[in-house]
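Trainee: So the protein lines, in turn, are chains A and B. Residues 108 to 276 (the working numbering) make up the first sequence, in order. Residues 108 to 276 (the working numbering) make up the second sequence, in order. Ideal placement from N, C-alpha and C gives every residue a C-beta, glycine not left out. Values in this document were obtained by computation on a predicted structure and should not be read as measured data.
2 protein chains.
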Amino acid sequence: MKLPDPESLYARLKEQIEHAFPNRSELGLIGVHSGGAWIAERLHHDLGFTLPCGFLDSALYRDDFSERGMKTAPKPADMPFDVAGRQILLVDDVLYTGRTVRAIVNHLFDYGRPAKIELAVLLDRGGRELPIDAQYVGKHEPLKPNQSFVLTRDEQGAFRLGLEEKQGE
Amino acid sequence: MKLPDPESLYARLKEQIEHAFPNRSELGLIGVHSGGAWIAERLHHDLGFTLPCGFLDSALYRDDFSERGMKTAPKPADMPFDVAGRQILLVDDVLYTGRTVRAIVNHLFDYGRPAKIELAVLLDRGGRELPIDAQYVGKHEPLKPNQSFVLTRDEQGAFRLGLEEKQGE
Chain A
108 MKLPDPESLY
118 ARLKEQIEHA
128 FPNRSELGLI
138 GVHSGGAWIA
148 ERLHHDLGFT
158 LPCGFLDSAL
168 YRDDFSERGM
178 KTAPKPADMP
188 FDVAGRQILL
198 VDDVLYTGRT
208 VRAIVNHLFD
218 YGRPAKIELA
228 VLLDRGGREL
238 PIDAQYVGKH
248 EPLKPNQSFV
258 LTRDEQGAFR
268 LGLEEKQGE
Chain B
108 MKLPDPESLY
118 ARLKEQIEHA
128 FPNRSELGLI
138 GVHSGGAWIA
148 ERLHHDLGFT
158 LPCGFLDSAL
168 YRDDFSERGM
178 KTAPKPADMP
188 FDVAGRQILL
198 VDDVLYTGRT
208 VRAIVNHLFD
218 YGRPAKIELA
228 VLLDRGGREL
238 PIDAQYVGKH
248 EPLKPNQSFV
258 LTRDEQGAFR
268 LGLEEKQGE
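(1) Rounded to the nearest angstrom, what separates A:Phe160 and B:Thr157 at their Cα positions?
(2) Name the residue from B:Leu250, B:Pro111, B:Lys182 and B:Leu154 whose alpha carbon lies nearest to the alpha carbon of B:Thr204.
(3) Use the C-beta contact count for B:Asp112: other C-beta atoms within 10 angstroms, 16 or more gives buried, fewer gives exposed.
(4) Could you give the C-beta distance for A:Glu248 and A:Leu270, rounded to a whole number, given that I count them as a contact under 8 angstroms?
(5) Which residues in chain A sit within 8 angstroms of B:Ile239, going by Cβ to Cβ distance?
(6) Does any C-beta atom of chain B lie closer than 8 angstroms to the C-beta of A:Glu133?
(7) CA-CA distance, A:Gly192 and B:Leu237?
(8) Run through chain B and tell me which residues come within less than 8 angstroms of A:Thr163, C-beta to C-beta.
(9) Write down the C-beta distance between B:Val198 and B:Ala147 rounded to the nearest angstrom, noting that I regard them as a contact closer than 8 angstroms.
(10) Roughly how many whole angstroms lie between the Cα atoms of A:Ala265 and A:Asn130?
(11) Hey, would you say A:Leu163 sits closer than 8 angstroms to A:Ile124, going by beta carbons?
(12) Can you give the beta carbon distance from B:Leu116 to B:Gly233, rounded, assuming they're within the 8 angstroms contact cut?
(13) If I follow the unbroken beta strand (DSSP E) through B:Leu226, where does it start and stop?
(14) Using 8 angstroms as the threshold, is the C-beta distance between A:Gln242 and A:Leu226 below it?
(15) Which of the three DSSP states, helix, strand or coil, is assigned to B:Asp199?
(16) Under a three-way DSSP split, which group does A:Arg149 fall into?
(17) For B:Leu230, verify whether its CB is less than 7 angstroms away from any heavy atom of the ligand SAM.
(18) Can you give me the start and stop residues for the beta strand (DSSP E) that A:Leu282 sits inside?
(19) Which of the three DSSP states is assigned to A:Thr207 in this structure?
(20) What do you reckon, are the CB atoms on B:Phe188 and B:Gly135 nearer than 8 angstroms?
(21) I'd like to know if B:Lys223 contacts chain A, where contact means its C-beta is closer than 8 angstroms to some C-beta of that chain.
(22) For chain A, is any of its Cβ atoms less than 8 angstroms away from the one on B:Asn253?
(23) Counting only beta-carbon atoms, is A:Leu136 nearer than 8 angstroms to chain B?
(24) How should B:Ala222 be labelled, buried or exposed, when 16 other C-beta atoms within 10 angstroms of its C-beta is the threshold for buried?
(25) Below 8 angstroms on the Cβ atoms is my contact criterion, and I expect B:Val201 with B:Tyr218 to pass it. Report the Cβ-Cβ distance as a whole number of Å.
(26) Taking B:Lys246 as part of the beta strand (DSSP E), name the residues at either end of that continuous run.
(27) If we cut at 8 angstroms on Cβ distances, does B:Asn130 have a partner in chain A?
(28) Contact criterion: CB-CB distance below 8 angstroms. Does A:Arg209 meet it with respect to chain B?
(29) Spatial neighbours of A:Ile224 within its chain, please: C-beta separation below 7 angstroms, excluding the five flanking residues on both sides.
(30) Excluding the 5 residues flanking B:Arg260 on each side, which residues of the same chain have their C-beta closer than 8 angstroms to its C-beta?
(31) Excluding sequence positions up to five away, which residues of its chain have a Cβ less than 7 angstroms from the Cβ of A:Lys109?
(32) Taking B:Leu120 as the reference, give the member of B:Gln254, B:His151 and B:Glu133 with the closest Cα.
(33) Is DSSP giving A:Glu271 helix, strand or coil here?
(34) Roughly how many whole angstroms lie between the Cα atoms of A:Glu262 and A:Gly143?
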């Protein structure tokens with residue numbers, strides 16, 4: 108399969124968010140480690156949000172933690188604004204089962220009860236296992252269960268997209 | 108506004124579910140009290156599910172419990188099948204902010220980790236405050252914030268739909 112160009116996806120996502128939130132002075136932007144955090148950081152820089160960017164890691168909160176375990180050490184959460192009563196834009200790189208999003212939303216509620224949480228993702232690969240959906244999507248690109256997108260950054264900070272295929276599944 | 112006929116919406120929803128789940132022998136059907144429970148009961152009867160129907164009440168689990176309080180006494184949960192590893196179809200009457208769905212999904216995980224949870228609703232009235240969506244929808248019918256749909260049943264068990272409008276909001 109020909110992989111989509113992640114820089115084009117990012118440009119499309121940025122445009123959607125710019126259009127949906129003409130006033131970004133009170134909007135709380137939160138990136139999910141690691142890919143979502145990179146995207147949130149770039150959105151924060153490119154679109155000029157007033158509040159600093161927040162970061163969350165889902166690793167410790169997913170319902171399948173006991174099966175997946177820790178692939179990498181969880182990164183510290185950073186919530187530099189009040190969540191209670193605030194409109195929140197959550198950013199992740201790839202939307203798949205929805206389990207990460209459920210975990211992150213539950214985690215967010217530990218900080219306070221937001222007025223609204225919306226979700227922006229670079230890629231929706233389908234395969235949802237929970238009734239969760241994103242409001243802003245760079246591209247819908249269905250993958251097989253044994254495949255996964257891998258987002259990385261080059262030395263200049265530009266996004267690169269790879270495809271991982273597990274054998275024997 | 109002209110209200111949609113809830114019996115036509117039900118017929119449309121039933122058809123979607125019949126088509127999406129040709130094999131209903133292992134599917135766990137769960138209705139959310141009260142309206143969702145009525146719809147789930149009818150689906151269970153009309154489509155011939157093998158497992159008994161489950162029921163949940165969101166009142167105690169919503170994140171705005173302290174603001175809303177108890178309008179009516181919560182109905183007891185009834186989960187007559189194993190949730191762990193199972194495909195679940197959650198049924199509610201109206202999808203609005205998504206807060207009820209989040210509460211119900213979290214509550215479901217107290218029983219075990221389902222393989223998949225999908226959501227069916229008679230009406231999606233828009234106004235989401237969480238990144239939640241339904242897979243099966245009788246109709247999308249946006250309402251104003253001061254309006255709400257009220258589903259009732261007549262003596263024969265047929266659905267009736269009303270519109271409630273709060274003044275001064």
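Mentor: Reading off the structure:
(1) Sequence check: residue 160 of chain A is Cys here, not Phe. When rounded, the distance between both Cα atoms is 49 angstroms.
(2) B:Leu250
(3) exposed
(4) Actually they do not touch by this definition, with Cβ atoms about 10 angstroms apart.
(5) Pro238, Ile239 and Asp240
(6) no
(7) 13 angstroms
(8) The displayed chain sequence assigns Leu, not Thr, to residue 163 of chain A. Per Cβ cutoff of 8 angstroms: no residues; A:Leu163 is ~14 angstroms from chain B at best.
(9) 4 angstroms
(10) 26 angstroms
(11) no
(12) The pair is not a contact, with the Cβ atoms about 16 angstroms apart (cut-off 8 angstroms).
(13) Lys223 to Asp231
(14) yes
(15) strand
(16) helix
(17) Among the components of this structure there are no ligands whatsoever, and the ligand SAM is therefore not found.
(18) Because chain A spans 108 through 276 in this model, residue 282 of chain A falls outside it and cannot be assessed.
(19) helix
(20) yes
(21) yes
(22) no
(23) no
(24) exposed
(25) B:Val201 to B:Tyr218, Cβ: 24 angstroms. No contact.
(26) Tyr243 to His247
(27) no
(28) yes
(29) Ile195, Leu197, Val212 and Leu215
(30) Trp145, Phe266 and Arg267
(31) none
(32) B:His151
(33) strand
(34) 18 angstroms
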